[in-house]
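Chemist: Once you've had a glance at the structure underneath, I'll fire off some questions.
There are 2 protein chains.
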Amino acid sequence: MDRQRFEKQIRFVVEIDKLKQILRQTITMDASRRENSAEHCWHLAMMAILLLEYAENKEIDLLRTLKMVLVHDLVEIDAGDTYCYDSEGAQHQTERERMAADRVFNLLPEDQANHLRALWDEFEAQKTPEAQFAVALDRLQPLLNNYHTQGKVWQQNGIHSHQVYKRMLPIKEGSSILWKYASELIEDALKKKMLPS
Amino acid sequence: MDRQRFEKQIRFVVEIDKLKQILRQTITMDASRRENSAEHCWHLAMMAILLLEYAENKEIDLLRTLKMVLVHDLVEIDAGDTYCYDSEGAQHQTERERMAADRVFNLLPEDQANHLRALWDEFEAQKTPEAQFAVALDRLQPLLNNYHTQGKVWQQNGIHSHQVYKRMLPIKEGSSILWKYASELIEDALKKKMLPS
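If you're matching them up, the sequences are chains S and G in order.
Mapped onto this note's numbering, the consecutive letters of the first sequence carry residue numbers 5 to 201.
Mapped onto this note's numbering, the consecutive letters of the second sequence carry residue numbers 5 to 201.
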């Protein structure tokens, strides 16, 4: 057993506990508080297992998809969460997150650092069927939370339906069925005045 | 597309958001608050990916292990979290959790309900190499959190080292290397007076 390797791995396990403190704009479905990025990743992993049959490419690798949703927010330990409708924050988001990825993943032994970095890069690039499905889930989950909390966060932030539509668009690449469903939710949110047009 | 099936799946995705409100005794590593079961499951999933090479049985199926740690606490939505040193709560825990499993998993279409129930049963039985490794991680993670918060929760609850040893014992079945490490942590916690003997 390589003790140095083991200690790097344990230090990483300790480091990533910090993701539990990264708060997203999305609130939990009981509307009691903001969701954190660790529990958000768990929710996406459960959705990947449950909604796999709706992936556009039926042959996708569930294991890689799960790994991708589990690690996709680790960079927020350094870079924080950027609200998806914050155009100012988005300007520097890529650079901040790339620096974070350089530090966070490299706490691990090299082979594992490369493995997790490759998963993160794959998710960000949205090119493979697994990444496209993972991104679809990452967009659908906050839509569900917003819908089931009567659009409270949308209203607080003055978000309009065209912005939500634009944000949800990548769902289409990952799953046409989930995209259809997301559109129905947005239309219903509009009808119920959770969201201004 | 079977709309009824889809709606059951989405209702389940909405239902399990409740796991984010189930608080454990364990606190996060910054000692700021109690950890919830959803983020705990995410942490275990990350540990499964990172510490897989230490599984006693090197041939274990990572995908099934990940699914198991992701779903193992879902019954707490109904049954709540039972503190591992609460012998009174433990008496009725099995029955409460079985009833919870009957309700929660059966919100899903039958094939998926059976699949998740089988994973939960497998975890609980601690017989397969995957379940033994998953259980080992489920014991090690709170030990790490307790150690890195100077045993605050142990002291609050008057827990002694022999209780922690007993609780950690199943780690041995899942990984002799992680068991050795867990023993070192307990010994060090004793030495540093985080934990009375």
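Ideal Cβ positions, reconstructed from N, Cα and C, are used throughout, including at glycine.
Determine, for residue 116(S), whether the minimum Cβ-Cβ distance to residues of chain G falls below 8 Å.
Modeler: Yes, contact with chain G.
Chemist: For residue 27(S), which three-state DSSP category applies?
Modeler: Note: residue 27(S) maps to strand in three-state DSSP.
Chemist: Tell me, which residues are paired with residue 38(G) by DSSP?
Modeler: In DSSP, residue 38(G) forms a bridge with 31(G).
Chemist: The alpha helix (DSSP H) that contains residue 172(S), what's its start and end?
Modeler: Start and end: 165–172.
Chemist: Excluding the 5 residues preceding and the 5 following residue 30(G) in the sequence, name in chain order all residues of the same chain whose CB lies nearer than 6 Å to its CB.
Modeler: Cβ neighbours of residue 30(G) beyond the five flanking positions: 39, 146 and 149.
Chemist: Output needed for residue 19(G): all residues of its chain with C-beta closer than 8 Å, excluding positions within five of it in sequence on either side, in chain order.
Modeler: Excluding sequence neighbours, residue 19(G) sits near 81, 108 and 111.
Chemist: Tell me, please, whether the CB atom of residue 85(G) is closer than 8 Å to any CB atom in chain S?
Modeler: By this cut-off, residue 85(G) is not an interface position.
Chemist: Report yes or no: do the segment 132–141 of chain G and the segment 177–193 of chain G share at least 3 C-beta pairs separated by less than 8 Å?
Modeler: Taking 8 Å as the limit for Cβ pairs, the verdict is that the segment 177–193 of chain G does touch the segment 132–141 of chain G.
Chemist: Mind pulling the beta strand (DSSP E) runs of 3 or more residues that sit fully within the segment 131–155 of chain S?
Modeler: As far as the segment 131–155 of chain S is concerned, it has no whole beta strand (DSSP E) run of at least 3 residues.
Chemist: Does the beta-carbon distance from residue 76(S) to residue 21(G) come in below 8 Å?
Modeler: Contact flag unset, no.
Chemist: According to DSSP, is residue 47(G) helix, strand or coil?
Modeler: Helix.
Chemist: Using only the alpha-carbon positions, how far apart do residue 124(S) and residue 25(S) sit?
Modeler: Cα to Cα, the separation comes out at about 20 Å.
Chemist: Can you check whether the C-beta of residue 32(G) is within less than 8 Å of a C-beta belonging to chain S?
Modeler: Yes, residue 32(G) counts as interfacial toward chain S.
Chemist: Whole-angstrom Cβ separation of residue 53(S) and residue 12(G), contact assumed at under 8 Å?
Modeler: That pair is no contact at about 14 Å.
Chemist: If I measure Cβ to Cβ from residue 85(G) and keep anything under 7 Å in the same chain, skipping five residues before and after, which residues do I get?
Modeler: Within the same chain, residue 85(G) has close Cβ partners 26, 27, 28 and 41.
Chemist: With H, G and I counted as helix, E and B as strand and the rest as coil, what does DSSP make of residue 65(S)?
Modeler: It is coil, neither helix nor strand.
Chemist: Taking 6 Å as the limit between beta carbons, can you name the residues of its chain near residue 88(G), skipping five residues before and five after?
Modeler: For residue 88(G), where only same-chain residues beyond five positions count, the Cβ hits under 6 Å are 171.
Chemist: When the Cα of residue 156(G) is compared with those of 116(G), 32(G) and 66(G), which residue comes out closest?
Modeler: Checked all of 116(G), 32(G) and 66(G); the closest Cα to residue 156(G) is 32(G).
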